[in-house]
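Add 8 to a position in the sequence shown, counting from 1, and you land on the number used in my numbering.
Glycine is no exception: its CB is placed at the ideal position from the N, C-alpha and C atoms.
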Amino acid sequence: QVQLAESGGGLVQAGGSLRLTCAASGNTRGFIAMGWYRQAPGKQRELVASISSGGTTNYADSVKGRFTISGDNAKNSVYLQMNNLKPEDTAVYYCRAHGWGIYWGQGTQVTVSS
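Right, dumping it as structure tokens:
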């Protein structure tokens, strides 16, 4: 089993920054990639950013240049640095891990006020 624990969400004004952390525990051997997804009210869950075990990153067009994903293999953790936040970034952010299976965290709320 794998458990993912997210932290770092909160309320911030437009233009501000937040850093999300996802810590994985349990059977983390064999992780292929980890990533962040988000879901706004009334919308489908969408990919924000992902990072492979080899360090290859991928970003949604809407966050390129503003968000940075990074990982720490030793700590089984992945981070999302979010800068220049916009009200449209408001959503619940979920951590996802792809290993022997697909695992999701419980989500952390990010609210950006205008």
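How far does the beta strand (DSSP E) with residue i in it extend, from its first residue to its last?
i	result
W112	I110 to W112
R46	A41 to Q47
G34	L26 to G34
G18	G18 to Q21
N66	T65 to Y67
Tell me which same chain residues have a C-beta within less than 7 angstroms of the C-beta of residue i, skipping the five on either side of it?
i	result
I113	Note that residue 113 is Gly in the sequence shown, not Ile. If we look at G113 and ignore the five residues flanking it on each side, its Cβ neighbours are L12, A13, E14, C30, Y102 and C103.
A41	S58, I59, S60, S61 and H106
Q9	G34 and N35
L55	G43, Y45 and A68
Are the Cβ atoms of residue i and residue j separated by less than 8 angstroms?
i	j	result
I59	G34	no
T36	N84	yes
M90	D97	yes
Assuming residue i and residue j form a contact by the criterion Cβ under 8 angstroms, report the distance between their Cβ atoms to the nearest whole angstrom.
i	j	result
Y87	F75	With 8 angstroms as the limit, Y87 and F75 do not qualify as a contact, their Cβ atoms being about 10 angstroms apart.
A82	A48	The pair is not a contact, with the Cβ atoms about 33 angstroms apart (cut-off 8 angstroms).
P95	V120	5 angstroms
Can you list, in chain order, the residues of its chain with a C-beta nearer than 6 angstroms to that of residue i? Leave out the 5 residues immediately preceding and following it.
i	result
S78	Y87
G17	T116, Q117 and V118
Give every residue of the same chain whose Cβ lies closer than 8 angstroms to the Cβ of residue i, excluding the five residues on either side of it in the sequence, and list them in chain order.
i	result
S25	Q89, M90, N91, N92 and L93
I110	R104
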